[in-house]
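Counting from 1 along the sequence shown, just add 11 to a position and that's the residue number in the working numbering. Glycine residues also receive a C-beta, built at the ideal position from the N, C-alpha and C atoms. All values derive from a computational prediction rather than experimental measurement. Reviewing the structure listed below.
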Amino acid sequence: MMHNDAGSTGCGAEAELVGYAARGFAAATMCVVGRDGFSIANCVRRVTAVRRGLGLNIDKHGSLEVATAIKLAEELASYDIAWFEEPVSPAWSDDEGLDGLPSHCGSVCA
Numbered sequence: 012m013m014h015n016d017a018g019s020t021g022c023g024a025e026a027e028l029v030g031y032a033a034r035g036f037a038a039a040t041m042c043v044v045g046r047d048g049f050s051i052a053n054c055v056r057r058v059t060a061v062r063r064g065l066g067l068n069i070d071k072h073g074s075l076e077v078a079t080a081i082k083l084a085e086e087l088a089s090y091d092i093a094w095f096e097e098p099v100s101p102a103w104s105d106d107e108g109l110d111g112l113p114s115h116c117g118s119v120c121a
């Protein structure tokens, strides 16, 4: 498995990750924010580009609020994401909805 940080390679991350599949990797982890910033639509576009032929894990480095993480997880549910890593900061308390997040992920959510 390879790890890619879309923020570090910008919008070319999609091509880079698709290249991993061509080299025989079965899966990759991707931070879905690029130079054009974070939005649900941008994340879905990146996942759509990369998901063809490559298992995918998403890493958000704890940068989302719970409501935004739930919305992103719901938008990506049909893409069979294997792992949704750190969508929200571990500092969020259970009172803010973190306990309910895995039920929206459709994948392992850590």
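Report the rounded CA-to-CA distance for residue i versus residue j, giving the unit in angstroms.
{"i": "residue 115", "j": "residue 26", "result": "28 Å"}
{"i": "residue 112", "j": "residue 30", "result": "32 Å"}
{"i": "residue 120", "j": "residue 93", "result": "9 Å"}
{"i": "residue 55", "j": "residue 70", "result": "14 Å"}
{"i": "residue 98", "j": "residue 75", "result": "6 Å"}
{"i": "residue 91", "j": "residue 37", "result": "14 Å"}
{"i": "residue 102", "j": "residue 96", "result": "15 Å"}
{"i": "residue 68", "j": "residue 85", "result": "15 Å"}
Hey, could you find the ends of the beta strand (DSSP E) residue i is sitting in?
{"i": "residue 39", "result": "38-42"}
{"i": "residue 96", "result": "94-96"}
{"i": "residue 83", "result": "Looking at the DSSP string, residue 83 is not in any beta strand (DSSP E); the run it does join, the alpha helix (DSSP H), is 77-87."}
{"i": "residue 112", "result": "Residue 112 -> no beta strand (DSSP E), and no H or E assigned at all."}
Here's the rule: buried if 16 or more other CB atoms are within 10 angstroms of the residue's CB, otherwise exposed. What is residue i?
{"i": "residue 80", "result": "buried"}
{"i": "residue 88", "result": "exposed"}
{"i": "residue 62", "result": "buried"}
{"i": "residue 57", "result": "buried"}
{"i": "residue 33", "result": "exposed"}
In terms of residue numbering, what span does the alpha helix (DSSP H) encompassing residue i cover?
{"i": "residue 99", "result": "From DSSP, residue 99 is part of no alpha helix (DSSP H); its letter is neither H nor E."}
{"i": "residue 34", "result": "That residue, residue 34, is in no alpha helix (DSSP H); it is neither H nor E in DSSP."}
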